[in-house]
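Numbering of the sequence shown is given in the UniProt record's numbering, commencing with residue 1 and proceeding in unit increments.
Structure record follows, encoded as structure tokens.
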Amino acid sequence: MNRLPDFDGLRFLLCIGIAVFHFSFRIPVNDETLNEFILAFSYFTDVFFIFSGLFLARRRNYLWSWPRYVAFVGKRLARIYPLHVVAFSCFALLSALAAAGILHPLGEHSTSWRDGLAQLLLVHNWGLGHTSSYNYVSWSLSALLAMYLAFPLFDMVCRRFGSWVLVGVIVATVAGEYLAQKLGVLSITRIQLSNVGVFRALPSFLFGMWLARREHPAVPGAVVKSLLAACLAVFLFCHPENGPGEPHMLEGPLRLAFIYTGVYVLYLASSQGIYTPLQWRGLASLSRYSFGIFILHPLVGMMFFRMAPERWSETTAGAVLVICGAAVASVFTAVAAYHLFENPLHRWLVKRFDVWVGGYERGSAEATQGCLPVVR
């Protein structure tokens with residue numbers, strides 16, 4: 001299976017962008033043009049859902065049984081759950097200290113044990129908890145867990161229906177948009193605010209699977225580069241209004257259509273070996289720290305902003321520097337977490353699941369052979 005170097009490099013930039021987007025709500029940037037640019041970083045969450053479906057579906061030889069299904073979900077959790085528990089525990093401790101009056105946080109912290117339990121189990125964005133409680137970015141992990149649990153079904157659907165899965169993407173998008181309107185939120189790209197982020201993840205995850213499973217026609221390099229430039233221009237300069245008091249950016253099905261187009265064109269470039277700056281080795285080597293940046297940056301940012309003098313963020317330049325400082329601190333924290341905890345534990349857990357599945361299948365094979373009649 002050939003790697004997609006552009007996607008490795010992009011993954012790191014996406015996580016930095018998401019961190020900057022979230023930090024901008026704590027440290028406002030009082031420049032309309034720059035603020036609109038930062039708000040566009042919110043698109044990156046949908047790109048991550050595409051990546052998840054894409055990379056899982058690039059393998060086409062899945063053989064499903066209950067042990068293999070358990071191991072599949074277990075390996076996915078081995079990647080995301082340990083750091084999730086660390087981040088959640090820190091936020092839970094802060095909430096407990098705030099409830100006891102020992103700590104006075106800058107923002108509100110949930111003290112509901114029900115929300116805490118739902119988030120710990122990663123079911124809080126299935127309609128069972130609140131998105132904004134504790135570590136707010138974990139809503140996307142909750143949505144991804146639902147996608148992992150349903151992946152064998154999606155895998156069989158992709159094998160059976162092929163290109164028709166794209167129709168499923170459209171149906172999921174339209175249904176999600178309709179549900180968002182019923183729940184009183186602006187669009188499907190904000191439906192996680194109603195605590196059902198699984199509906200935001202579903203169409204993008206399916207699109208990623210469709211992208212991986214289909215044979216795509218070769219497109220001339222000049223055309224691909226022109227399309228990439230056009231997508232970049234839309235990202236940088238297209239920030240439409242969404243009504244009074246709403247931020248200027250693409251929302252709903254229009255946003256998803258733009259993101260799917262951009263990722264499709266980038267996939268063509270990467271699979272055809274067309275060079276883009278995202279193939280720089282430095283970005284690819286940093287991509288391993290992406291998840292750590294994503295899950296830990298709310299905690300790092302909160303501590304960083306408490307330590308930074310308030311006067312530093314009074315100007316636009318100062319606010320940008322403080323936000324960039326918090327992003328850099330998040331990178332260093334993610335690097336340390338990866339080497340000291342995340343990667344060693346992930347590798348150990350994956351090996352345990354492999355040993356367990358191997359032992360189970362050997363035992364089943366021996367039991368089957370033991371039931372066969374002896375031929376003399």
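Glycine is no exception: its CB is placed at the ideal position from the N, C-alpha and C atoms.
Out of 260, 40 and 4, state which residue places its alpha-carbon closest to the alpha-carbon of residue 19.
The shortest C-alpha separation from residue 19 is found at 40.
Going by the beta-carbon positions, is the gap between residue 116 and residue 92 smaller than 8 Å?
Result yes, Cβ atoms of residue 116 and residue 92 sit closer than 8 Å.
Hey, could you find the ends of the alpha helix (DSSP H) residue 249 is sitting in?
No alpha helix (DSSP H) holds residue 249; DSSP gives it neither H nor E.
Expressed to the nearest angstrom, what Euclidean distance is found between the alpha-carbon atoms of residue 372 and residue 363?
For residue 372, the predicted structure reports a pLDDT of 48, less than 50, and the residue's modelled location is therefore unreliable. The matter cannot be settled from this model.
Quick one: what does DSSP say residue 185 is sitting in, helix, strand or coil?
It is coil, neither helix nor strand.
Measure the CB-CB distance between residue 124 and residue 142 and report whether it falls below 8 Å.
A contact, by the Cβ cut-off of 8 Å.
Grab me the residues of residue 64's own chain with a C-beta within less than 7 Å of its C-beta, minus the 5 sequence neighbours each way, in chain order.
The residues are 152.
Around the Cβ of residue 209, are there at least 16 other Cβ atoms within 10 angstroms (buried) or fewer (exposed)?
Classification for residue 209: buried.
Okay, do the region 235–244 and the region 194–207 touch, 3+ Cβ pairs below 8 Å being the bar?
At 8 Å Cβ cutoff, the stretches do not touch.
Can you have a look at residue 6 and say buried or exposed, based on whether 16 or more other CB atoms are within 10 angstroms of its CB?
With 16 or more Cβ atoms within 10 Å of its Cβ, residue 6 is classed as buried.
If you reduce the DSSP assignment to three classes, tell me which class residue 31 lands in.
Note: residue 31 maps to coil in three-state DSSP.
Tell whether a beta-carbon distance below 8 Å holds between residue 73 and residue 121.
For residue 73 and residue 121, no; Cβs fall outside 8 Å.
Whole angstroms is fine: what's the gap from residue 60's alpha carbon to residue 14's?
Spanning the two alpha carbons is a distance of roughly 27 Å.
At the level of alpha carbons, what is the spacing between residue 188 and residue 51?
The straight-line gap from Cα to Cα measures roughly 19 Å.
CB-CB under 7 Å to residue 294, same chain, minus the five flanking residues each way: which ones, in chain order?
Cβ within range, chain order: 15, 18 and 137.
Indicate whether the contact test is met: 3 or more Cβ pairs, each with one atom in the region 274–293 and one in the region 309–324, closer than 8 Å.
In short, these stretches do not touch, since the Cβ pair count stays below three.
Kindly give me the distance between the Cβ atoms of residue 258 and residue 234, rounded to whole angstroms, as I take these residues to be in contact under 8 Å.
Their Cβ separation, rounded to whole angstroms, is 6 Å, which keeps residue 258 and residue 234 in contact under 8 Å.
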